[in-house]
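Asks:
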Amino acid sequence: MKRAFITGIEGQDGSYLAELLLSKNYEVHGIYRQSTNGGSPNLKPLKANATVFEKTLFLHPADLDDAKSIRVPLEKSAPDEIYHLASQSHVGASFEKVEETCRITGLGALRLLELTRKLPKAPRFFHASSSEIFGSPEQSPQTEITPVNPITPYGSAKALGTQMTRIYRKNFGLFAVNGILFNHESPRRGENFVTRKICRAVAAIKSGRQSELVLGDTSAQRDWGHARDYVRGMWLALQHDTPEDFVFATGKLHRVQDIVELAFKTVDLDWQKFVRQEKQFFRPADPRQVVGNAVKAKQLLSWEPEISFEQTIAEMVQSELNALAGRVAN
Ligand code: F7E
């Protein structure tokens, strides 16, 4: 039985990845921040499953800011594979919390690489990198060799983790890989990311609990995929014969406005009656033309995104409607 160690197991990606690995008969160890007490709704189904929880799934409190707190569960679990997903991942918030973002997202990755290198038998290491490392790139679409040129504090912090992963691979012989992940969404997305914010608002407006939706720049464009497809890519990247960086992306650009129109259409409402833009949600800098070319992942890993943008938004709106109706969804 293979053992995996996941940082950020409570998040969208961490919880889907845990489910995937458990379905492949892994023993999964995950760390969660003490402040959350392991109470993330994303882990509820797994924690409620008596054949899994504390049998093949183990949760440990630890803090990325504190190497000691990670070392103990890491050494005890002696994993074959590490998936480093935890970070301060909100780009907008990174402008307010610059130092914290660099500490958690940038130095956090370095701390874990260093701990990994010192284990008696170094496991394979996956770093969740981000399209934010490219900033507003001159070449489109982006690949694994597109120059790194971040324009946000979050992008800068991820660039540090990405480069350190490459340095530990080249200089210390670690099987360390970057998955350069473009935006990926699901009903488990945090509430302050734009897809979830829109889908939640649409369901609340439909049920009469909310009267408007206030957004930032609705002309902003992103390459949006589904988180379930991307965690499959993470696993595939660590099963490959050699350690390589991989872009995971759909190659398709959509506007925030497209999500608005799609989501309101799902519930038969006219978006124009409810949506307005406000300065407070605009960012000081926002990447443009960020769209990925995942041809390397397609060729070497046979990875393809399977869930479309339209399906993702429909699933997210439905999940919010279910939640309001008191039904458990995601
Ligand atoms: O923004 C615009 C906003 O916060 C998407 C993270 O997973 O993907 C994610 O970062 C776009 C931006 O995601 C609102 O300005 C307009 O252009 O959903 P988001 P993100 O910043 O792209 C990358 C790849 C990561 O690695 C990150 O960790 O939507 N936008 N109005 C808005 N965004 C938000 N959040 N709220 C608004 O009201």
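Taking the numbering used here, I'd label the letters of the sequence shown as residues 4 to 333. We put the beta carbon where it would ideally sit given N, CA and C, even for glycine.
(1) Pick from A162, R225 and A204: whose alpha carbon is nearest that of H187?
(2) Quick check: what's the CA-CA separation for A332 versus K50?
(3) Which residue comes first and which comes last in the beta strand (DSSP E) that contains F56?
(4) Do S18 and the ligand F7E come close, with the Cβ less than 7 Å from some heavy atom?
(5) Is any non-hydrogen atom of the ligand SAH found closer than 7 Å to the C-beta of K200, if you look at the structure I gave you?
(6) How would you label S38, buried or exposed, when you count the other beta carbons within 10 angstroms and need 16 or more for buried?
(7) If you draw a straight line from the alpha carbon of L272 to that of P308, how long is it in whole angstroms?
(8) Just to confirm, are S133 and L184 a CB contact at a threshold of 8 Å?
(9) Which residue's Cα is closest to the Cα of M167: N181, G295, Y157 and N45?
(10) So for V294, helix, strand or coil by DSSP?
(11) Please state the DSSP three-state secondary structure of S133.
(12) Pull up the distance between the alpha-carbon of Q321 and that of V101, whole angstroms please.
(13) Cβ of G11 within 8 Å of Cβ of L88?
(14) Taking DSSP as the reference, what is the three-state secondary structure of A332?
(15) Determine the DSSP secondary structure at I148, reduced to helix, strand or coil.
(16) Drop a sphere of 10 angstroms on the beta-carbon of R279, count the other beta-carbons inside from all chains shown, and report buried for 16 or more, exposed for fewer.
(17) Taking its Cβ as the centre, do 16 or more other Cβ atoms sit within 10 Å of K200, making it buried, or is it exposed?
(18) Taking A328 as the reference, give the member of R203, P246, K5 and G176 with the closest Cα.
(19) Would you call E313 buried or exposed, if buried means 16 or more other Cβ atoms sit within 10 Å of its Cβ?
(20) For the stretch 136-149 against the stretch 247-261, are there 3 or more C-beta pairs whose distance is under 8 Å?
(21) Would you tell me roughly how many angstroms separate the C-alpha atoms of Q242 and T54, rounded to the nearest one?
(22) Once DSSP output is grouped into helix, strand and coil, what is the label at T10?
(23) Output yes or no for whether 8 Å exceeds the beta carbon distance between T119 and S90.
(24) For E188, which residues does DSSP report across the bridge?
(25) According to DSSP, simplified to helix, strand and coil, what is A288?
(26) Could you tell me how far apart the beta carbons of I73 and L115 are, in whole angstroms, since I believe they sit closer than 8 Å?
(27) Taking all protein chains shown into account, decide if V294 is buried (16 or more other Cβ within 10 angstroms of its Cβ) or exposed.
(28) If you measure between the beta carbons of H32 and F61, is that distance less than 8 Å?
(29) May I ask you to report which of helix, strand or coil DSSP gives I170?
(30) Please say whether D69 and K5 have beta carbons closer to each other than 8 Å?
(31) Looking at C-beta atoms only, is the number of pairs between the stretch 288-305 and the stretch 162-177 that lie closer than 8 Å three or more?
(32) Under DSSP, the alpha helix (DSSP H) around R74 begins and ends at which residues?
(33) Classify A81 as buried or exposed, calling it buried when 16 or more other Cβ atoms lie within 10 Å of its own Cβ.
Replies: If we stick to the structure as given:
(1) R225
(2) At A332, the pLDDT of 49 sits below 50, so the modelled position is not reliable and the matter cannot be decided from this model.
(3) No beta strand (DSSP E) holds F56; DSSP gives it neither H nor E.
(4) For the ligand F7E, not one heavy atom lies less than 7 Å from the Cβ of S18.
(5) Among the ligands present in this structure, namely the ligand F7E, the ligand SAH is not found.
(6) exposed
(7) 30 Å
(8) yes
(9) N181
(10) The answer is coil: DSSP assigns V294 none of H, G, I, E or B.
(11) Strand, per DSSP.
(12) 35 Å
(13) yes
(14) With a pLDDT of only 49 at A332, under 50, the local geometry of the prediction cannot be trusted, and the value read off the model is given with reservation. Looking at A332 - three-state DSSP - the assignment turns out to be coil, as it is neither helix nor strand.
(15) Residue state, collapsed to three classes: coil.
(16) So R279 ends up on the exposed side.
(17) buried
(18) R203
(19) That one is exposed.
(20) As far as the Cβ criterion goes, the stretch 136-149 touches the stretch 247-261, which means the pair count is three or higher.
(21) 26 Å
(22) strand
(23) Going by C-beta atoms, T119 is not nearer than 8 Å to S90.
(24) Answer is H229, bridged to E188.
(25) A288 carries a coil assignment under DSSP once its states are collapsed to helix, strand and coil.
(26) 7 Å
(27) buried
(28) yes
(29) helix
(30) Result no, Cβ atoms of K5 and D69 do not sit closer than 8 Å.
(31) no
(32) A70 to S80
(33) exposed
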